[in-house]
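Peer 1: One structure, pasted below without further comment.
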Amino acid sequence: MNDSIELSHSVLLVEEDPVPQPSKAKPQFSWQMLFSVLMYGFMYFPILVLAFYSFNASRFSANWGGFSLRWYSSLLNDGRILSALGDSLTVALVAVVISAVLGTMMAVGLAKFRFPGKGLYRGVSYLPLIIPDIAIAVATLVFLVSVAIPLSIWTITAAHIVFCLAYIAVVVSTRLSGLNPFLEEAALDLGASPIQAFLKVLLPELMPAVLSGCLLAFVLSMDDLLIASFTAGGGANTLPMEIFSRVRTGVKPDINALSVILILASGVLAFASEYIRFKSTQRKLQG
Amino acid sequence: MSTTIPPVPSSLPDKPSAQTSWRRKLNKLVQPLVLLAPAGLWLLVLLVLPTLLIFELSLIPGFRLGQPADGYGIGNYLEIFRPGNPYLQVIGRSLFFAVGSTLLTLLLGFPVAYWIAVMAPARWRNLLLVGFVLPLWTSSLLRAYAWITILRPTGLLNSILGAIGIPGQDWLNRSPAVFIGMAYSFLPYMVLILYASLEKLDKRLLEAASDLGANPRQAFWKVTVPQTLPGIAAGGLLVFIASLGDFVVPELLGGASSMTISRFIFNQFLGATRNWGLGSSLSMILIFAVSVSIALLIKYGDRDAV
Numbered sequence: 125m126n127d128s129i130e131l132s133h134s135v136l137l138v139e140e141d142p143v144p145q146p147s148k149a150k151p152q153f154s155w156q157m158l159f160s161v162l163m164y165g166f167m168y169f170p171i172l173v174l175a176f177y178s179f180n181a182s183r184f185s186a187n188w189g190g191f192s193l194r195w196y197s198s199l200l201n202d203g204r205i206l207s208a209l210g211d212s213l214t215v216a217l218v219a220v221v222i223s224a225v226l227g228t229m230m231a232v233g234l235a236k237f238r239f240p241g242k243g244l245y246r247g248v249s250y251l252p253l254i255i256p257d258i259a260i261a262v263a264t265l266v267f268l269v270s271v272a273i274p275l276s277i278w279t280i281t282a283a284h285i286v287f288c289l290a291y292i293a294v295v296v297s298t299r300l301s302g303l304n305p306f307l308e309e310a311a312l313d314l315g316a317s318p319i320q321a322f323l324k325v326l327l328p329e330l331m332p333a334v335l336s337g338c339l340l341a342f343v344l345s346m347d348d349l350l351i352a353s354f355t356a357g358g359g360a361n362t363l364p365m366e367i368f369s370r371v372r373t374g375v376k377p378d379i380n381a382l383s384v385i386l387i388l389a390s391g392v393l394a395f396a397s398e399y400i401r402f403k404s405t406q407r408k409l410q411g
Numbered sequence: 143m144s145t146t147i148p149p150v151p152s153s154l155p156d157k158p159s160a161q162t163s164w165r166r167k168l169n170k171l172v173q174p175l176v177l178l179a180p181a182g183l184w185l186l187v188l189l190v191l192p193t194l195l196i197f198e199l200s201l202i203p204g205f206r207l208g209q210p211a212d213g214y215g216i217g218n219y220l221e222i223f224r225p226g227n228p229y230l231q232v233i234g235r236s237l238f239f240a241v242g243s244t245l246l247t248l249l250l251g252f253p254v255a256y257w258i259a260v261m262a263p264a265r266w267r268n269l270l271l272v273g274f275v276l277p278l279w280t281s282s283l284l285r286a287y288a289w290i291t292i293l294r295p296t297g298l299l300n301s302i303l304g305a306i307g308i309p310g311q312d313w314l315n316r317s318p319a320v321f322i323g324m325a326y327s328f329l330p331y332m333v334l335i336l337y338a339s340l341e342k343l344d345k346r347l348l349e350a351a352s353d354l355g356a357n358p359r360q361a362f363w364k365v366t367v368p369q370t371l372p373g374i375a376a377g378g379l380l381v382f383i384a385s386l387g388d389f390v391v392p393e394l395l396g397g398a399s400s401m402t403i404s405r406f407i408f409n410q411f412l413g414a415t416r417n418w419g420l421g422s423s424l425s426m427i428l429i430f431a432v433s434v435s436i437a438l439l440i441k442y443g444d445r446d447a448v
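The listed protein sequences derive, respectively, from chains E and R. Numbering-wise (my numbering), the first sequence opens with residue 125 and increments by one. Numbering-wise (my numbering), the second sequence opens with residue 143 and increments by one.
Spelled out as structure tokens, the structure:
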């Protein structure tokens, strides 16, 4: 349906344009378009299936037992799920806040200073993005056991900070490379202290990147199964750990309901992230 | 306006006293330390040190927690590469899944990225791209779980097949299910990177090719593909690395027959076997494989696209 709207728009555009531009892509019907539509379907179909069955009154999702919200209400009365959600949110929020500070400082430091070993430092800062989760999880567990730190929700948080700060630093670095480097110097020349220059000139410019980095880190922290499983011990149980232990043994209708809620929540986060990006590119265009 | 500025500011930078220049020097030393030390220490203690530690552990044959170690040796690695043992098969299967899903995402992702970047109207491109990668924001665990609902014996796929008279099968717990799950998980990454590469494609070259008598197919293979090769390499290696270390998809969709390296490592630590030495050496092999891929990416890939 969208395609027909696009088509009519571009037809109008082409008619108004005095110079015909054959190279401008007209949304013609092509196999690529058909294929792309199929792939969009592939991306959204499983999510829609989950949503559909979450309203199924029957426990067995093969047959439709009528519309019902029973899985949503059973979810809200499920103490284990709620406490796992609490643990996940605690880990993610604490890890993201600390990582935002450490990651931003690291990105700024790497952009501003030259020092021996900088290449190595930068390389290490990329490692959490590269090394598979399972290897990080194993390494962290071995380390925590060898220094006899008892596993708890705080060891999960400490381990999450490792990858959260790396992702935030990458996002902030990208923004830093597009900034005017003389603004901060100008502030310093005009008598601002380095801390003032950082807080009043650089940080406001970096804020959109810090925020979208935080959103990304938050989503990754809420999504992490492996690192949390290895660093949780008996005391803590995050939402992915709880979901994993349940779906391992088959389909659970209340997990369908939980999926729908989480998908809606992540949709809100995605929207927020795109909004921040949109605003910051707008500012860049204006400035 | 200019009259409001004090005529001689007390701290003009062109007359630095001895004290301020000393302070500036100190600042130059302290600033990087303040900015870089906290994150650096965190990474050192919780990433570098632990990685070195599992390297050490990988050199202790058959290390199990709470048991006396037998001293250092490369016994774990010898064990892994001994032909009769199942470990080589596990590594091979992981590589098979990783290579397969890389090719699959490339095959599925290229037309989509091409359509969005080259053929779709320019004003819709951002929206189309964001729309395609939106599912990445949802939990990877739940996205794999969704496929259980579809592929299991009493699932949606068999219901649909049954309705048109095709007998159902158990699609779960087999390699195709793993490929579907991995392609589904990593396709957005591939499209994102290919899009970045295709967007930079100089379309005048395609016109020139067609003016010079090339048919669209020739133009595609001789102009588009070579131009986007760095993006293809970057996207391919990214998906390769992600699927090589993936745990969730083979665990949930692959069943017992799809034991991969990450599942195997998981079992060595949290499962029944608990051979930490062996698990550590498999982790080191995984890290090594990923490092080699990254080195290739840096050498041949499109660094802007990553």
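Glycine included, every Cβ here is placed at the ideal spot set by N, Cα and C.
What does DSSP give as the partner residues of Asn180 of chain E in its beta bridges?
Peer 2: In the first sequence, counting from the first residue as 1, residue 180 of chain E sits at position 56. According to DSSP, Asn180 of chain E bridges with E:Phe191.
Peer 1: Given Arg194 of chain E, which residues of its chain have a CB within under 7 Å of its CB, disregarding the five upstream and five downstream residues?
Peer 2: The sequence position of residue 194 of chain E within the first sequence is 70, counting from 1. Ala181.
Peer 1: I want to see whether chain R comes within less than 9 Å of Ile205 of chain E, judged by CB atoms only; does it?
Peer 2: As a working note, residue 205 of chain E is residue 81 in the first sequence. Closer than 9 Å: no.
Peer 1: Check whether the stretch 325 to 343 of chain E and the stretch 242 to 260 of chain E touch, using three or more Cβ-Cβ pairs below 8 Å as the test.
Peer 2: In short, these stretches do not touch, since the Cβ pair count stays below three.
Peer 1: What does a CB cutoff of less than 7 Å around Phe406 of chain R pick up in its chain, not counting 5 residues either side in sequence?
Peer 2: Along the second sequence, one-based indexing puts residue 406 of chain R at 264. These residues qualify, in order along the chain: Val232 and Leu424.
Peer 1: Would you call the CB atoms of Pro362 of chain R and Ser243 of chain R closer than 9 Å?
Peer 2: Along the second sequence, read from residue 1 onward, the residue named residue 362 of chain R stands at position 220. Along the second sequence, read from residue 1 onward, the residue named residue 243 of chain R stands at position 101. Residue 362 of chain R is actually Phe in this sequence, not Pro. Contact flag unset, no.
Peer 1: Could you work out which residue in E:Val232, E:Val266, E:Phe267 and E:Pro170 is closest to Arg299 of chain E when comparing CA atoms only?
Peer 2: On the first sequence, position 175 is the one that residue 299 of chain E refers to. Ranking the options by Cα distance to Arg299 of chain E, first place goes to E:Val232.
Peer 1: Quick one: measure Cβ to Cβ for Gly419 of chain R and Pro203 of chain R, integer angstroms, because I've assumed they're closer than 8 Å.
Peer 2: Sequence index remark: in the second sequence, residue 419 of chain R carries index 277 (1-based). Sequence index remark: in the second sequence, residue 203 of chain R carries index 61 (1-based). Indeed they touch by this definition, with Cβ atoms about 6 Å apart.
Peer 1: Going along the chain, which unbroken runs of the alpha helix (DSSP H) with 4 or more residues stay wholly within the stretch 384 to 443 of chain R?
Peer 2: Taking only runs of at least 4 residues, the alpha helix (DSSP H) segments lying wholly in the stretch 384 to 443 of chain R are 390 to 395, 403 to 412 and 418 to 442.
Peer 1: Counting only C-beta atoms, is Ser339 of chain R closer than 9 Å to chain E at any point?
Peer 2: Position 197 of the second sequence holds residue 339 of chain R. Judged by the 9 Å Cβ criterion, Ser339 of chain R is not in contact with chain E.
Peer 1: Interface residues of chain E around Arg285 of chain R at Cβ under 8 Å?
Peer 2: What you label residue 285 of chain R is simply residue 143 of the second sequence in a count that begins at 1. Per Cβ cutoff of 8 Å: Pro170 and Ile171.
Peer 1: With Val286 of chain E and Leu284 of chain R assumed to form a contact (beta carbons below 8 Å), what rounded beta-carbon distance in angstroms separates them?
Peer 2: Position 162 of the first sequence, counted from the start, is the residue given in the question as residue 286 of chain E. Position 142 of the second sequence, counted from the start, is the residue given in the question as residue 284 of chain R. Incorrect: roughly 24 Å between the Cβ atoms, too far for contact.
Peer 1: Can at least three beta-carbon pairs, one atom from the stretch 343 to 353 of chain R and one from the stretch 290 to 297 of chain R, be found at a separation below 8 Å?
Peer 2: Contact between the stretch 343 to 353 of chain R and the stretch 290 to 297 of chain R is absent, because fewer than three Cβ pairs lie under 8 Å.
Peer 1: CB Phe237 of chain E to CB Leu178 of chain R, shorter than 9 Å?
Peer 2: By 1-based counting over the first sequence, the position of residue 237 of chain E is 113. By 1-based counting over the second sequence, the position of residue 178 of chain R is 36. For Phe237 of chain E and Leu178 of chain R, yes; Cβs fall inside 9 Å.
Peer 1: Would you say Lys403 of chain E faces chain R, with C-beta separation under 9 Å as the test?
Peer 2: The count along the first sequence starts at 1 and reaches residue 403 of chain E at position 279. Not closer than 9 Å to any Cβ of chain R, the Cβ of Lys403 of chain E fails to qualify, so no.
Peer 1: Please classify Trp266 of chain R: does DSSP put it in a helix, a strand, or coil?
Peer 2: Position 124 of the second sequence, counted from the first residue, corresponds to residue 266 of chain R. Correct three-state label for Trp266 of chain R: helix.
Peer 1: Please name the residues in the stretch 358 to 389 of chain R whose beta-carbon is closer than 9 Å to at least one beta-carbon of chain E, in chain order.
Peer 2: Residues Ile383, Ala384, Leu386, Gly387, Asp388 and Phe389.
Peer 1: From this set, E:Thr264, E:Ala290, E:Lys403 and E:Asp378, which residue's C-alpha is nearest Leu174 of chain E's C-alpha?
Peer 2: Looking up residue 174 of chain E in the first sequence gives position 50. It is E:Asp378.
Peer 1: Please report the distance separating the alpha-carbon of Ser163 of chain R from that of Val296 of chain E.
Peer 2: Sequence index remark: in the second sequence, residue 163 of chain R carries index 21 (1-based). Sequence index remark: in the first sequence, residue 296 of chain E carries index 172 (1-based). Distance between the alpha carbons of Ser163 of chain R and Val296 of chain E is about 31 Å.
Peer 1: Along the chain, where does the alpha helix (DSSP H) that runs through Met331 of chain E open and close?
Peer 2: One-based indexing of the first sequence puts residue 331 of chain E at position 207. Run containing Met331 of chain E: Leu327 to Asp347, per the alpha helix (DSSP H) assignment.
Peer 1: Contact criterion: CB-CB distance below 9 Å. Does Glu398 of chain E meet it with respect to chain R?
Peer 2: Here the question's residue 398 of chain E lines up with position 274 in the first sequence. So, interface residue.
Peer 1: Could you tell me whether the Cβ atoms of Thr281 of chain E and Ala381 of chain E are closer together than 9 Å?
Peer 2: Stepping through the first sequence from its first residue, residue 281 of chain E is reached at position 157. Stepping through the first sequence from its first residue, residue 381 of chain E is reached at position 257. Not a contact, by the Cβ cut-off of 9 Å.
Peer 1: For chain E, find out if any of its Cβ atoms is closer than 9 Å to the Cβ of Arg235 of chain R; answer yes or no.
Peer 2: Taking the first residue of the second sequence as 1, we reach residue 235 of chain R at position 93. Judged by the 9 Å Cβ criterion, Arg235 of chain R is not in contact with chain E.
Peer 1: Which residues, in order along the stretch 156 to 187 of chain R, keep a beta-carbon less than 7 Å from a beta-carbon of chain E?
Peer 2: So the close ones are Asn169, Gln173, Pro174, Leu177, Leu178, Pro180, Ala181, Gly182, Trp184 and Leu185.
Peer 1: Give, in chain order, every residue of the stretch 222 to 233 of chain E whose Cβ lies closer than 7 Å to some Cβ of chain R.
Peer 2: Taking 7 Å as the Cβ-Cβ cut-off against chain R, the residues of the stretch 222 to 233 of chain E that qualify are Leu226, Gly227, Met229, Met230, Val232 and Gly233.
Peer 1: So the candidates are R:Ile427, R:Gly304, R:Glu393 and R:Leu336; which of them puts its Cα closest to the Cα of Trp289 of chain R?
Peer 2: Along the second sequence, read from residue 1 onward, the residue named residue 289 of chain R stands at position 147. With distances taken between Cα atoms, Trp289 of chain R lies closest to R:Glu393.
Peer 1: How big is the Cα-Cα spacing for Gly210 of chain E and Thr362 of chain E?
Peer 2: Numbered from its first residue, the first sequence carries residue 210 of chain E at position 86. Numbered from its first residue, the first sequence carries residue 362 of chain E at position 238. Their Cα atoms are separated by approximately 8 Å.
Peer 1: My output table needs one value for Pro309 of chain R: the three-state DSSP class, helix, strand or coil.
Peer 2: Numbered from 1 along the second sequence, position 167 holds the residue referred to as residue 309 of chain R. Coil.
Peer 1: Counting only Cβ pairs nearer than 9 Å, list the residues of chain R close to Ile387 of chain E.
Peer 2: As a first step, residue 387 of chain E is located in the first sequence; it is residue number 263 there, counting from the start. Pro277, Trp279, Thr280, Ser281 and Leu284, listed in chain order.
Peer 1: Using a beta-carbon distance below 9 Å, is Val432 of chain R in contact with chain E?
Peer 2: In the second sequence, residue 432 of chain R corresponds to position 290, counting from 1. It does; some Cβ of chain E falls within 9 Å.
Peer 1: Give the interface partners of Ile351 of chain E over in chain R, defined as CB-CB distance under 9 Å, in chain order.
Peer 2: Here residue 351 of chain E corresponds to residue number 227 of the first sequence, with the count starting at 1. Within 9 Å Cβ-Cβ: nothing; Ile351 of chain E doesn't reach chain R, min ~11 Å.
Peer 1: Just checking: is the beta-carbon of Trp289 of chain R within a distance shorter than 9 Å of some beta-carbon in chain E?
Peer 2: In the second sequence, residue 289 of chain R corresponds to position 147, counting from 1. It does; some Cβ of chain E falls within 9 Å.
Peer 1: On the criterion of 16 or more Cβ atoms from any shown chain inside 10 Å, does Ser198 of chain E qualify as buried, or is it exposed?
Peer 2: As a working note, residue 198 of chain E is residue 74 in the first sequence. Per the 10 Å Cβ criterion, exposed.
Peer 1: Which same chain residues end up closer than 7 Å to Leu350 of chain E when comparing Cβ atoms and leaving out the 5 residues on each side of it in sequence?
Peer 2: As a first step, residue 350 of chain E must be located in the first sequence, where it is residue number 226. So the qualifying residues of the chain are Asp257, Ile258 and Ala261.
Peer 1: Go ahead and label Arg235 of chain R buried or exposed: buried means 16 or more other beta carbons lie within 10 angstroms of its beta carbon, across all protein chains shown.
Peer 2: For the purposes of this step, residue 235 of chain R is identified with residue 93 of the second sequence, where counting begins at 1. It counts as buried.
Peer 1: Can you give me the C-alpha to C-alpha distance between Ala272 of chain E and Leu207 of chain R, rounded to a whole angstrom?
Peer 2: Within the first sequence, numbered from 1, the residue matching residue 272 of chain E stands at position 148. Within the second sequence, numbered from 1, the residue matching residue 207 of chain R stands at position 65. Computed Cα separation, rounded: 12 Å.
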